[in-house]
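Chains X and E supply the protein sequences, listed in that same order.
First residue of the first sequence? That's 1 in this note's numbering, and the numbers climb one at a time after it.
First residue of the second sequence? That's 1 in this note's numbering, and the numbers climb one at a time after it.
See structure below.
There are 2 protein chains.
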Amino acid sequence: MKHELPAYAVLPPCQVTVVDTYGENEKPNGLTVSWTGIAVSDPPHVMIAVRPGRYSHADLCGRGEFTLNIPSENQMQETDYFGITSGRKTDKFADISLTPVPAMHVHAPMIAECPLSLECQVTIRQDIGSHSMFIAKILAVHADERILDENGKINVTAMRPLSYDHAKFWYLGLGSVLGKAFSAGKTLHKSR
Amino acid sequence: MKHELPAYAVLPPCQVTVVDTYGENEKPNGLTVSWTGIAVSDPPHVMIAVRPGRYSHADLCGRGEFTLNIPSENQMQETDYFGITSGRKTDKFADISLTPVPAMHVHAPMIAECPLSLECQVTIRQDIGSHSMFIAKILAVHADERILDENGKINVTAMRPLSYDHAKFWYLGLGSVLGKAFSAGKTLHKSR
Numbered sequence: 001m002k003h004e005l006p007a008y009a010v011l012p013p014c015q016v017t018v019v020d021t022y023g024e025n026e027k028p029n030g031l032t033v034s035w036t037g038i039a040v041s042d043p044p045h046v047m048i049a050v051r052p053g054r055y056s057h058a059d060l061c062g063r064g065e066f067t068l069n070i071p072s073e074n075q076m077q078e079t080d081y082f083g084i085t086s087g088r089k090t091d092k093f094a095d096i097s098l099t100p101v102p103a104m105h106v107h108a109p110m111i112a113e114c115p116l117s118l119e120c121q122v123t124i125r126q127d128i129g130s131h132s133m134f135i136a137k138i139l140a141v142h143a144d145e146r147i148l149d150e151n152g153k154i155n156v157t158a159m160r161p162l163s164y165d166h167a168k169f170w171y172l173g174l175g176s177v178l179g180k181a182f183s184a185g186k187t188l189h190k191s192r
Numbered sequence: 001m002k003h004e005l006p007a008y009a010v011l012p013p014c015q016v017t018v019v020d021t022y023g024e025n026e027k028p029n030g031l032t033v034s035w036t037g038i039a040v041s042d043p044p045h046v047m048i049a050v051r052p053g054r055y056s057h058a059d060l061c062g063r064g065e066f067t068l069n070i071p072s073e074n075q076m077q078e079t080d081y082f083g084i085t086s087g088r089k090t091d092k093f094a095d096i097s098l099t100p101v102p103a104m105h106v107h108a109p110m111i112a113e114c115p116l117s118l119e120c121q122v123t124i125r126q127d128i129g130s131h132s133m134f135i136a137k138i139l140a141v142h143a144d145e146r147i148l149d150e151n152g153k154i155n156v157t158a159m160r161p162l163s164y165d166h167a168k169f170w171y172l173g174l175g176s177v178l179g180k181a182f183s184a185g186k187t188l189h190k191s192r
């Protein structure tokens, strides 16, 4: 039995990412973003949504170059720090133990310790209500060697990304492998 | 040490959803979609990305009304079935054991057995490369009573949503609660 709740933004579990840009005076800055998703497979694009009040918003509207860093669960505290502090008031990277390194294809820093970083260039901005959606082309993917398998593919279970439960404001870890996509439903297919 | 890989669409772990519309002759149809995310908090909007070749694409471009259903891990097989079959060739709901029920605010079916369903109205379509992005307003949220806590809040750990590892094509379960958002980073704040 389902109950109707007032409409709100709920789609659990969300990815947890850190969006990195250079702010004023080339200060590397990071902002935790969970309103994100893949927008296009080919050419690859992501969507991120950021409130206009956030310090990073001007950089995203201006140069429009950023990196999308996917932290591991052992970077949960630092990831949260990027969300609860503002680049207007502090140098977040100087405050914590993560290292900004220059990206290769865009003018933005990447977080060296995050297992996965995407270099992104904004192509479309859409302002709706509380947020600006930035649709951005992925120019390059950087993966730590510890999360690559013997075929050079990303091993998400080794990566240990965080998920965000925005109904209760928890960070969640990754669960077990439950089945194979494009395959698990085949038995239903045969039984028809 | 990071390695640069060719640019591709990777942002693990992705949500797993089933997008429901009425197709030709009012046939309820479902399509598995993992390229999705919250786009705006207020008024609440989601983004879903669908290839133009999919049967549901015409319904999304036309009436633009759909429900976004978040299945539980015990619906993994049926969820996969919605992805590997086409509404052009079969009546997916008739093939499997899930029940389409009419939504209340849009002309689209919801999946009765899914713990969470959002009623959505497309407001903006953006065609880029392989996909159409549909940005849609959330008009209502329907949550099964089994996933609501004593305060009427959604309990994601009871919901058991699936995640999609699109690097290796696995469905993943939900992991443990690791920490509190907007809080976990506070100790770093104090140590400055």
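For every residue, glycine included, the Cβ atom is placed at its ideal position computed from N, Cα and C.
- At a cut-off of 8 Å, the C-beta of residue 61 (chain E) has no neighbouring C-beta in chain X.
- Close to residue 53 (chain E), with beta-carbon spacing below 7 Å, lies no residue of chain X; the smallest spacing is near 12 Å.
- Taken through DSSP and simplified to helix, strand or coil, residue 82 (chain E) comes out as helix.
- Excluding five sequence positions before and after residue 107 (chain E), the CB atoms of its chain that fall closer than 8 Å to its own CB belong to 22, 63, 65, given in chain order.
- When C-alpha distances from residue 129 (chain E) are compared across X:3, X:40, X:16, X:158, the shortest belongs to X:40.
- Taking the CA atoms as reference points, residue 1 (chain E) sits about 22 Å from residue 16 (chain X).
- Pairing residue 48 (chain E) with residue 188 (chain X) gives a Cβ-Cβ distance that is not under 8 Å.
- Residue pairing of residue 144 (chain E) in beta bridges, as defined by DSSP: X:2.
- The C-beta distance from residue 71 (chain X) to residue 162 (chain X) rounds to 6 Å, short enough to fall under 8 Å.
- The residues 67, 110, 119, in chain order, have a CB closer than 6 Å to that of residue 103 (chain X) in the same chain once the five nearest residues on each side in sequence are set aside.
- Taking one beta carbon from each stretch, the segment 29-45 of chain E and the segment 149-161 of chain E have fewer than 3 pairs nearer than 8 Å; the two do not touch.
- Per DSSP, residue 92 (chain E) is one residue of the alpha helix (DSSP H) stretching across 92-95.
- Every beta strand (DSSP E) stretch that sits fully inside the segment 87-137 of chain E and reaches 3 residues is listed by chain position as 100-102, 109-111, 116-128.
- Residue-level contact check: residue 99 (chain E) does not touch chain X, since none of the beta carbons of chain X fall below 8 Å from its beta carbon.
- At a cut-off of 8 Å between C-beta atoms, residue 87 (chain E) does not count as an interface residue with respect to chain X.
- Going by DSSP, residue 45 (chain E) is part of the beta strand (DSSP E) stretching over 45-50.
- Listed in chain order, the non-local C-beta contacts of residue 78 (chain E) below 6 Å within the same chain comprise 96, 98, local neighbours out to five positions each way being set aside.
- Around the beta carbon of residue 58 (chain X), fewer than 16 other beta carbons lie within 10 angstroms, which makes this residue exposed.
- Assigned with DSSP and collapsed to three states, residue 156 (chain E) falls in helix.
- Beta-bridge partners of residue 164 (chain E) (DSSP): E:14, E:171.
- Ranked by Cα distance from residue 142 (chain X), the first of X:125, X:185, X:94, X:153 is X:153.
- In the three-state reduction of the DSSP assignment, residue 41 (chain E) falls in the coil class.
- Proximity to residue 113 (chain E) across E:123, E:83, E:50, E:100 peaks at E:100, based on C-alpha coordinates.
- In this structure, X:55 is the residue among X:73, X:60, X:55, X:80 with its C-alpha nearest to the C-alpha of residue 86 (chain X).
- Here the alpha carbon of residue 75 (chain X) sits roughly 11 Å from the alpha carbon of residue 18 (chain X).
- Following the DSSP letters along the chain, one finds residue 181 (chain X) in no alpha helix (DSSP H), marked with neither H nor E.
- In terms of beta-carbon proximity, residue 19 (chain X) stays away from the interface with chain E, with every pair separated by 8 Å or more.
- Residue contact with chain E for residue 186 (chain X): present (Cβ-Cβ distance below 8 Å to some residue of chain E).
- Annotated three-state conformation of residue 59 (chain E) is helix, per DSSP.
- If you draw a straight line from the Cα of residue 173 (chain E) to the Cα of residue 168 (chain X), it comes to about 18 Å.
- Shown here, residue 65 (chain E) sits in a strand according to DSSP, grouped into three states.
- Within chain X, no residue has its beta carbon less than 7 Å from that of residue 27 (chain E); the closest one is some 16 Å off.
- By the neighbour-count definition (other C-beta atoms within 10 Å, threshold 16), residue 165 (chain E) is a buried residue.
- In the assembly as shown, residue 137 (chain E) is a buried residue. Its beta-carbon has 16 or more other beta-carbons within 10 Å.
- Inclusion of residue 46 (chain X) and residue 11 (chain E) in the CB contact set at 8 Å is warranted, their separation being smaller than that value.
- The straight-line gap separating the alpha-carbon atoms of residue 145 (chain X) and residue 9 (chain E) is approximately 19 Å.
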